[in-house]
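Going by mature numbering (1 follows the signal peptide of the UniProt record, and there is no 0), the letters in the sequence shown line up with residues -19 to -1, 1 to 335, in that order. The C-beta atom is built at its ideal place from N, Cα and C for all residues, glycine as well. Computed from a prediction, not measured in an experiment: that's the story for all the values here. Structure first, commentary second.
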Amino acid sequence: MKKIILTLLLPLLWTISFAQNKVEAEKIVDEGIAFHDKAEYDNAIAKYDKALALDKDNLFALTEKAFSLLAQKKYEECIKVSEIALAKHKTGNELQTLYVTYGNALDMVNKSIESVAAYDAGIKLFPTYQMLYFNKAVTLRTLKKSEEALLSLQKAATLNPDHPGSHHVMGLTLKEQNNAIGALLAYWRFFTLEPVSSRASSNFTQVQEIMKGGVTTNGDKNVNISIPSNLLTDSKKGEKPKENTFGTTFLMLSMAAALDNGADFKNESEIQRFTRKFDIVCAALATSKKENYGFLWDYYVPYFLELKEKGYSEMFAHVVFASLKKPEVTKYFQDNQPKLNEFAAWSSNYKWPK
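The structure is reproduced here in C-alpha cells:
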C-alpha cells in the first residue's frame, strides 16, 4: 500500500517542484529586467542564466535574455537563443515580443528575408500585435519593398494610432515616393505624439521642405513652381483618380508658398506662415475629399480637418515648432495652457478608423 501511495504521489510532487522552480525562476528574471533597464546587460544576462538553471526552458527567461543580447548587439547569440525558445515553445504571450527581437537580430546580420519570415510567423500567431507589423515594415524598406512596407505600416498605425514610429516611417517612405502631401500628413501626426526628440528635429526639416510647395525663386524674383508628375492623376475624364493622390492639394500648397515673399505675407513669422499654409492645405483636402480615396484619405485627412474645424491650427503649429525649443514657443504654451490641455485631450480621445 505504501508503495502504491508513493507511486501516486511522485507525479504530484514533481508538478509542485516544477511549479516552484518556475515561480522562483521568474522572480530572478524580474531582477534581470531591472538590470537591463539600467543598461547593465551582463548582469541582466547572468540573472537570466541563473533562472534558466532552475527552469531550463523558461520562456520568460529566454525571451528577456534574447532581448538583452540584442541590446548588446550580440546578434548571432540573440538569434541562437531565440531559435532555442521558438523550438521549445509554440504558445505563450512572450512569443510576440520574442518574434520582434528575433526579426530585429536577423535584419541586423543582413538576413532581411529571414527577418520578414520571422515577423510573418509572429503575425500568424499574434495578428493584432502592432510592433510585428511596424518592424516588418522597417525590414521591407531595407529590401526596397516600399509598397509592401506601406501596407504593413498602415496595419501598424490602425492597430495603434499612438505609436509615433509608425507615422515617422510612413512619412519617410511616402516622401521617398514623392507623395509630398501624404508624407506631410504622416509627419504632422507624428508631431502630435512626439514633438520634441531627435526624430522630431529631423522630421521638422522634412516638413519645412515640403511646405515650400516646390516653389523656387531666381535672382530676378521670378517664381517657379515644380509639381512632381506622380502627384497628379493621369486618368482620363470620368475615371477615378489614383489611390492616395493629392495633386490638387499640392497645387494649392504651391500657390500658397508662391505668396511667401509677396507684400501681404513677407513679414509673417515662421509659425504664422505654417499656420496659413496648414489651413490652406486643410481647405484643399476638404474640397477634394469626395473625389479621392485610399488609406491616407480615410485615416489622416479626417483627423486634420477636425483639428482645423475645432480651432486648433495655431496650437498645432506651435506643437510642430516645439522641437526648435524657441523661447516664444515655450511662452505660447505657458500662456495658453488650458487650450493646450484641451487640444491634447481632443487628440487623445479622437476615434481613429479601425
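- For F285, the closest of A303, L232, M89, I162 by C-alpha to C-alpha distance is I162.
- Taking a C-beta distance under 8 Å as the contact criterion, I252 and F324 do not qualify as a contact pair.
- About 19 Å separates the beta carbon of F276 from that of L288, a gap too long to meet the 8 Å contact definition.
- Just so you know, the alpha carbons of F172 and K335 end up roughly 21 Å apart.
- Boundaries of the alpha helix (DSSP H) around F185: 179 to 191.
- The beta carbons of F115 and S147 sit about 5 Å from each other, so the pair counts as a contact at 8 Å.
- Apart from the 5 residues on each side of it in sequence, F41 sits with its Cβ closer than 7 Å to the Cβ of E7, V10, E75 in its chain, given in chain order.
- DSSP places T44 in the helix class (H, G or I) of the three-state scheme.
- A Cβ-Cβ separation of about 6 Å places A86 in contact with L51 under the 8 Å criterion.
- Distances from the alpha-carbon of M89 to those of Y110, Q318, T109, K54 put K54 closest.
- Linking S96 to G84 through their CA atoms gives a straight-line distance of about 4 Å.
- A straight-line Cα-Cα distance of about 16 Å links H70 and C59.
- Runs of alpha helix (DSSP H) with 4 or more residues, each lying fully within the stretch 62 to 102, are found at 75 to 89, listed in chain order.
- In this structure, the alpha-carbon of T256 lies about 6 Å from that of E295.
- The C-beta separation of I191 from L166 comes to about 10 Å, leaving the pair out of contact by the 8 Å criterion.
- Secondary structure note for W333: it is in no alpha helix (DSSP H), with a DSSP letter that is neither H nor E.
- A244 is classed as exposed because its beta carbon has fewer than 16 other beta carbons within 10 Å across all chains shown.
- Under the rule that a run must span 4 or more residues, the alpha helix (DSSP H) segments found entirely inside the stretch 246 to 318 read 251 to 269, 276 to 280, 282 to 290, 294 to 301, 308 to 316.
- Each residue's CA atom was taken as its position, placing S182 and L305 some 7 Å apart.
- Under a 10 Å Cβ-count criterion, K332 is classified as exposed, with fewer than 16 other Cβ atoms of the shown protein chains found around its own Cβ.
- Less than 8 Å separates the beta-carbon of L234 from that of K258.
- Boundaries for G243: no alpha helix (DSSP H) harbours it, and the DSSP string shows neither H nor E there.
- Judged by DSSP in its simplified three-state form, K8 adopts helix.
- The C-alpha of K117 is placed about 33 Å away from the C-alpha of H299.
- DSSP, read as helix, strand or coil, puts E129 in helix.
- When P222, V177, T230, Y168 are compared, the shortest CA-CA separation from G194 is found for T230.
- Boundaries cannot be given for N160, as no alpha helix (DSSP H) includes it and DSSP labels it neither H nor E.
- In the structure shown, L124 adopts coil according to DSSP, grouped into three states.
- One alpha carbon belongs to P283, the other to K291, and they sit about 12 Å apart.
- L43 and I65 do touch by the CB rule: their CB atoms are close to 7 Å apart, below 8 Å.
- Q158 and L132 have their C-alpha atoms spaced approximately 14 Å apart.
- Per DSSP, the unbroken alpha helix (DSSP H) holding D30 starts and ends at 22 to 35.
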